[in-house]
Ligand code: SF4
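Protein chains in written order, with the working numbering: chain A, 1 to 359; chain B, 360 to 432.
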């Protein structure tokens, strides 16, 4: 089915139309999804756009925005005898003084899983140990963590909850005066939440938003749709990715998420505390909340992301990786100094691998 | 991290399904979708199918694009 969305002729046609309606004033379009950044960079889409159109990566990689505090907590639990289960991308994320990868090298029992279900399996196989699942990710991933917790897993299983929510972060960026003229909304997050969470802010800030898929043509078409709205001076939420995103989202997934979690205000790496843009486990499920169970709610980081000089402004779309004096010299995917270099969806990591300047 | 991968359902056993990712076979949980059957294409994320891909919608999308692009001609 994806073949339909890879046609060169259609791409050229969309690019021509983009040129026709783009005008000459500078237009800044932000996306908040590492997978969108991959598609854009890998296919050189920026080079196809007129010069006045900038496409800026925002804080769209859940790995990059996980603050040191939460890594520190996982390391603390691991050093105190728990097995930590988490997604592979998390291993190299810098905590204040160490990372999960460094802890593994020192002998810690930290296991890479592909799904929280595997975390539960590890707990079943190791009844004498505490198994803590470090749950990170946006609305695309939180329902899965919700599903295993709602399924009442074994007593020795718990979750260190680092899930984050996208719409409050978009609101925060639009409010923050970062000069954003249009938003490409994340397709996979929208599969879960649908269209309605974006509507209010679209009106409030009068900024067009288009939910986009992940093929090069999806991104080009979404840019075209945003430009068309700008030209017509409208601001609506449009859905370009109708083949996967239903207007109402995935109700079953949302119900699981709401049953187990509630919004709270926690730090995003590089951005500080964003109101109501994080999730915590509801008190009904407190027994599965690792922070409560092991009494580490107050464990804070002493150093906050001090090693990476530019992460904050990279995550806000204000700097280019090449502006960072450590980029590609000291900081690279084998030795990430800042979180943006860690995951394959991090802005610095993508820029390193594909060697492109963003804007 | 947020990558969701399309796959075809080849077998269903309660909440679990066997999926074919263009030759690679893996299990996934389908409890977050209410109406899937063998042969459907779904997007899978972190071990769970989260959305059914509609071929009809895909074709409609292309038609809609055509109209949108023509409208600015
Ligand atoms: S290159 Fe490394 S140190 Fe520099 S901003 Fe990117 S992640 Fe941070």
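Yeah, the Cβ is synthetic: ideal placement off N, Cα and C, and Gly gets one too.
Roughly how far, in whole angstroms, is the beta-carbon of residue i from the beta-carbon of residue j, given that I think they are within contact range, below 8 Å?
i                      : j                      : result
residue 73 of chain A  : residue 296 of chain A : 5 Å
residue 223 of chain A : residue 29 of chain A  : 6 Å
residue 191 of chain A : residue 249 of chain A : 7 Å
residue 415 of chain B : residue 397 of chain B : Contact flag wrong, Cβ pair sits at about 18 Å.
residue 59 of chain A  : residue 32 of chain A  : 6 Å
Of the residues the options, which one's Cα is nearest the Cα of residue i?
i                      : options                       : result
residue 240 of chain A : A:221, A:230, A:232 and A:257 : A:221
residue 175 of chain A : A:316, A:330, A:152 and A:8   : A:316
residue 100 of chain A : A:129, A:63 and A:121         : A:63
residue 140 of chain A : A:279, A:344 and A:312        : A:279
residue 171 of chain A : A:92, A:198, A:179 and A:121  : A:198
residue 94 of chain A  : A:311, A:329, A:352 and A:324 : A:311
residue 57 of chain A  : A:46, A:50 and A:242          : A:46
residue 79 of chain A  : A:242, A:247, A:90 and A:106  : A:106
residue 149 of chain A : A:285, A:345, A:344 and A:8   : A:285
residue 429 of chain B : A:313, A:14 and A:50          : A:14
residue 152 of chain A : A:351, A:7, A:289 and A:325   : A:289
residue 44 of chain A  : A:217, A:32, A:196 and A:86   : A:217
residue 23 of chain A  : A:329, A:228 and A:130        : A:228
residue 102 of chain A : A:277, A:351, A:323 and A:335 : A:335
residue 392 of chain B : A:114, A:246 and A:329        : A:246
residue 179 of chain A : A:205, A:189, A:188 and A:187 : A:205
residue 356 of chain B : A:232, A:212 and A:12         : No answer is possible for residue 356 of chain B: the residues shown for chain B start at 360 and end at 432.
Closer than 7 Å by C-beta to residue i: which residues in its own chain qualify, once you throw out the five before and the five after it? Chain order, please.
i                      : result
residue 387 of chain B : 376, 378, 403, 406, 407 and 408
residue 302 of chain A : Any reading at residue 302 of chain A must be qualified, since the residue scores a pLDDT of 44, below 50, and its modelled position is unreliable; no value is offered.
residue 98 of chain A  : 75
residue 48 of chain A  : 15
residue 189 of chain A : 138, 139, 140 and 166
Is the Cβ-Cβ distance between residue i and residue j less than 7 Å?
i                      : j                      : result
residue 169 of chain A : residue 71 of chain A  : no
residue 84 of chain A  : residue 269 of chain A : no
residue 321 of chain A : residue 348 of chain A : yes
residue 61 of chain A  : residue 34 of chain A  : yes
residue 160 of chain A : residue 134 of chain A : yes
residue 194 of chain A : residue 226 of chain A : no
residue 214 of chain A : residue 39 of chain A  : yes
residue 185 of chain A : residue 203 of chain A : no
residue 92 of chain A  : residue 342 of chain A : yes
residue 123 of chain A : residue 157 of chain A : yes
residue 142 of chain A : residue 257 of chain A : yes
residue 431 of chain B : residue 17 of chain A  : yes
residue 314 of chain A : residue 37 of chain A  : no
residue 265 of chain A : residue 276 of chain A : yes
Roughly how many angstroms lie between the CA atoms of residue i and residue j, to the nearest whole one?
i                      : j                      : result
residue 337 of chain A : residue 145 of chain A : 29 Å
residue 147 of chain A : residue 42 of chain A  : 34 Å
residue 413 of chain B : residue 382 of chain B : 21 Å
residue 318 of chain A : residue 54 of chain A  : 12 Å
residue 365 of chain B : residue 327 of chain A : 34 Å
residue 96 of chain A  : residue 69 of chain A  : 7 Å
residue 253 of chain A : residue 117 of chain A : 15 Å
residue 390 of chain B : residue 293 of chain A : 29 Å
residue 287 of chain A : residue 374 of chain B : 26 Å
residue 82 of chain A  : residue 177 of chain A : 43 Å
residue 353 of chain A : residue 339 of chain A : 15 Å
residue 230 of chain A : residue 236 of chain A : 10 Å
residue 304 of chain A : residue 67 of chain A  : Any answer about residue 304 of chain A is weak, because its pLDDT of 46 lies below 50 and its placement is not dependable; what the coordinates show is given next. If you take the alpha carbons of residue 304 of chain A and residue 67 of chain A, they lie about 8 Å apart.
residue 138 of chain A : residue 110 of chain A : 22 Å
residue 234 of chain A : residue 200 of chain A : 14 Å
residue 76 of chain A  : residue 291 of chain A : 11 Å
residue 325 of chain A : residue 345 of chain A : 21 Å
residue 165 of chain A : residue 243 of chain A : 23 Å
residue 384 of chain B : residue 163 of chain A : 29 Å
residue 112 of chain A : residue 380 of chain B : 21 Å
residue 27 of chain A  : residue 372 of chain B : 50 Å
residue 129 of chain A : residue 251 of chain A : 35 Å
residue 267 of chain A : residue 8 of chain A   : 42 Å
residue 329 of chain A : residue 86 of chain A  : 29 Å
residue 333 of chain A : residue 114 of chain A : 21 Å
residue 394 of chain B : residue 323 of chain A : 49 Å
residue 136 of chain A : residue 262 of chain A : 15 Å
residue 187 of chain A : residue 423 of chain B : 18 Å
residue 425 of chain B : residue 418 of chain B : 11 Å
residue 232 of chain A : residue 219 of chain A : 20 Å
For residue i, collect the residues of the same chain with a Cβ closer than 6 Å to its Cβ; drop the 5 residues on either side in sequence, then sort them by chain order.
i                      : result
residue 399 of chain B : 368 and 411
residue 238 of chain A : 210 and 225
residue 331 of chain A : 337 and 341
Between residue i and the rest of its own chain, which residues show a CB-CB distance below 8 Å, the 5 nearest in sequence each way excluded?
i                      : result
residue 25 of chain A  : 52
residue 154 of chain A : 120, 123, 124 and 127
residue 6 of chain A   : 215, 216 and 217
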